[in-house]
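This report refers to the structure that appears directly beneath it.
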Amino acid sequence: MDVISSTFQLFIFPGFLFFILLSFLFEWVDRKLYAAMQRRIGPLYTGPLGLLQPIADFIKLIKKEDLTPKYSDKKIFNSVPLLMCALMLTVMLILPVAGESGVISFTGDVIFAIAAMTLFCILIFLAGFSSMSPYPLLGAERAVLLLLGFEIPLMLSIAGCCIASGSIEVSAIVSWQASHGWNIFGPQLLGFAIFLVAIQAELERIPFDIPDAEQEIVAGWMTEYSGRKLALIRMARNLELVFMSALAATLYLGGPMGLAPHWAEGIAFPVYFLLKTVAILLILTIIRGIFARVRIDQMVAFAWRYLIPLSFLQVALTLIWRLI
Amino acid sequence: MSSSYERIFNLPLGPQHPALKEPVLLDLKVEGEHVVDVALDVSYNHRGMEKAAEYRTYVQDLYLIERICGICNIAHTLSFCQCVEGLHGKEIPERAKYLRVIAEELERIQSHLLWLGVAAHEIGFDTFFMYIWLDREISLDLMEEFAGNRITTSYNAIGGVKRDMTPEVANKMKKGMDKLEERVKFYKKVVLSERTVMKRTMGIGILRRDAAIQLNAVGPTLRASGVDMDARADDPYAAHSLVPFKVVTDDGCDAFSRIIVRLDETLESINMIRYCIEKLPPGPLLQRLPRRVPAGDFLTRVEAPRGELVHFLRADGSDKPYRYKVKTPTFSNLAPLREMLRSKGKYVVNVADVPVILASIDPCFSCTSRNEVVKSS
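Same order as they appear, the protein sequences are chains Y and W.
Going by our numbering, the first residue of the first sequence is number 118, and it counts up by one from there.
Going by our numbering, the first residue of the second sequence is number 91, and it counts up by one from there.
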């Protein structure tokens, strides 16, 4: 029985299948809201309200011709999309969906999450460099610069949460919030804002979509990808979107925990999880809708001049808060 | 020096690129993110229109010349008609002159709004882009009511215009102008208050006043460098000598002031259209002219939305032109463009700025392409 239940957890709920479907749903929500902000309609025809459009896009891309550039580093070039998906699906498992802890939970899984985010950036860099083409090369360069700017504030804002709850385990942070109130109500509010800005950059969305700025460097590091590989990369990026919003909900909005009678927890907690993550996604999409893209030097200057000092301040505040 | 030279590599922007609406090759020499030099190749769209014009009669040419540019078709037909009318030495009816001004200014409004949308898209502000283009529909719908078509209108004819303005259309036009004025003022407020827009356009694509004059910039590009020059004011044609308007200039010399100049020009055009509707004189629309044009040379300057447009006609007394020559505003703005794209001293051009700078001159390359270079090797 144990084997069956853990297999179910790993592959179906709250495992791979759940997260992949969720990533398609998130893409739909993102596109629909972005379109509404732009006085457009957005996906409409595939499925009710265009709900199946991301899946249709995925299938269409899989069917398309898959090209590998002649002078690319083929081993790396071909493996990056797979590695991206694998990395994202693995790190997803630490997210608590139906209870205090995720499918896997261990001391230090917060650090594992941070490492996975950095690894994702390194994979982007590899994708760009193995393409051996000017646009991906510039895109990869920009991705690394973005990493330099936003990885530190991201880590420091997560560190704030860890200090507040005194643990580097996701489930401990969630249960601490259940008893002490959400992190967002307190000195972590500043950290929450920094976290949102940093993940916007990490996800390469406007105003920080510099590594794949369409008008400047075509599709940036993804320029040479097509067909199946592009489909996988898009899925990995959607999964990253789910992961980042879910992480924000977990760290700052108390994860899936909420008011529910004991017998209904099995249904109520995933619903809370969905509501909170979608709320984060809506904030991210609104940010995406109301800004123009900044330039790479302006972005790095912004990160180092304002974001990093602020995140240090936030950590200091948390320490003082905890001592009192 | 040699070590820094090795770090320079070529980044070809175009002929196919998402930032470009038409084929053009900007061969950038890039050092990291900085553009050191640029080579321009605009000859991807040669259509042999000047030569084709020599094989057609003047009436047929009217439709050919209209298709030089989709967006500024009225400016092109206006120039052509003025050339022919000038050689005949005939004045066109007063009412037609006013209607030509209305058509021209309506075209300027839609062209400037189109450009503003494209500029917003180039700096990655897609929401702004979508908003502007939805409001541009107002001007296109008015154009359809007024001239019969949205873009390629066939409005001007040799000796006048083809369609009258009915009182209903005049009413609709007035209402549309009020709506457009409100929207354009809102966009100006957005541009002046949105920090990311300013960050991406201020100090970008600098063209100093003396350089602008020296390199023969035209249109809003020139006026954004603080030079008060407009063919409508300097060399009035149609009813421009009777319609009051202000030549908009700005001293910013950068992409941001080009946005401001175009927005203010749109507001000026709205006022001009209102004035023309108010003062529209009665009378005939068309002055019939003979098919054969007397021999002679004629040159006209028309202020197209993108800048000064020059048409030249040499007629030999037959019903076909002997030679027809068009100089589009984009052609004049190419040398200034190269100046804007090169880093010099403290002025640094980033790769990210290239699409913004390119868009800031409002290029229209297929109108500009006049020759084809075939490499022999």
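Where a beta carbon is used, it is the ideal one built from N, C-alpha and C, also for glycine.
Query: Pull out every residue of the segment 396–414 of chain Y whose Cβ sits closer than 8 Å to any Cβ of chain W, in chain order.; Result: G406, I407, F408, A409, R410, V411, R412, I413, D414
Query: Identify each residue in the segment 255–267 of chain Y for which the Cβ-Cβ distance to at least one residue of chain W is less than 7 Å, and report them in chain order.; Result: L255
Query: Please classify M352(Y): is it buried, with 16 or more other beta-carbons within 10 angstroms of its beta-carbon, or exposed?; Result: buried
Query: Contact check, E144(Y) vs T224(Y) under 8 Å by CB: the rounded distance?; Result: The Cβ separation is near 34 Å, so there is no contact.
Query: Report the start-end ranges of each alpha helix (DSSP H) in the segment 239–317 of chain W that is 4 residues or longer and not cut off at the edges.; Result: 257–283, 285–291, 299–304, 309–313
Query: Note down, in chain order, every chain Y residue with its Cβ under 8 Å from the Cβ of L189(W).; Result: Per Cβ cutoff of 8 Å: no residues; L189(W) is ~33 Å from chain Y at best.
Query: Within a Cβ cutoff of 7 Å, which residues of the same chain sit near T124(Y), ignoring the five residues on either side of it in sequence?; Result: none
Query: Quick check on the burial criterion: 16 or more other C-beta atoms within 10 angstroms. Buried or exposed for G469(W)?; Result: Coverage of chain W is limited to positions 91 through 467, which leaves residue 469(W) absent and any answer about it impossible.
Query: Starting from H297(Y), trace the beta strand (DSSP E) in both directions and tell me its first and last residue.; Result: That residue, H297(Y), is in no beta strand (DSSP E); its alpha helix (DSSP H) goes 287–297.
Query: Determine, for I248(W), whether the minimum Cβ-Cβ distance to residues of chain Y falls below 8 Å.; Result: no
Query: Could one say the Cβ of Y221(W) lies closer than 8 Å to chain C's Cβ atoms, at least one of them?; Result: Reference to chain C is not applicable here, since the protein chains of this structure are Y and W.
Query: When DSSP labels each residue in this structure, what does L376(Y) get in the three-state scheme?; Result: coil
Query: According to DSSP, is P380(W) helix, strand or coil?; Result: coil
Query: Checking contacts by CB at 8 Å: is F276(W) closer than that to chain Y?; Result: no
Query: Please look up how many angstroms separate the CB atoms of L142(Y) and M201(Y), rounded, as I've assumed it's under 8 Å.; Result: L142(Y) to M201(Y), Cβ: 20 Å. No contact.
Query: So, using beta-carbon positions, are R156(Y) and M220(W) closer together than 8 Å?; Result: yes
Query: Of the choices M339(Y), R354(Y), V197(Y), A289(Y), whose alpha-carbon is the least far from that of L139(Y)?; Result: R354(Y)
Query: Could you say which of D340(W), K289(W), P380(W), H202(W) lies nearest to P324(Y) if we only look at CA atoms?; Result: K289(W)
Query: What residues in the segment 330–360 of chain Y have a beta carbon less than 9 Å from any beta carbon of chain W?; Result: A330, E331, Q332, E333, I334, V335, A336
Query: Just reading off the alpha helix (DSSP H) that K191(Y) is part of, what are its end residues?; Result: 191–209
Query: With respect to the beta strand (DSSP E) encompassing R226(W), which residues constitute its N-terminal and C-terminal limits?; Result: R226(W) -> not in any beta strand (DSSP E); alpha helix (DSSP H) instead, spanning 216–237.
Query: Any beta carbon of chain Y sitting closer than 8 Å to that of I350(W)?; Result: no
Query: So, helix, strand or coil for A329(W), using DSSP?; Result: coil
Query: Suppose only complete runs of 3+ residues qualify. What are the beta strand (DSSP E) ranges in the segment 101–178 of chain W, listed by chain order?; Result: 115–121, 124–131
Query: Rounded to the nearest angstrom, how far is the Cβ of F455(W) from that of E112(W), given a contact under 8 Å?; Result: 4 Å
Query: Compare the Cα-Cα distances from C279(Y) to each of L184(Y), S196(Y), Q431(Y) and report the closest residue.; Result: Q431(Y)
Query: Determine whether the Cβ of P251(Y) lies closer than 8 Å to any Cβ atom of chain W.; Result: yes
Query: Could you tell me which chain W residues have their CB closer than 9 Å to the CB of D326(Y), listed as they occur along the chain?; Result: G214
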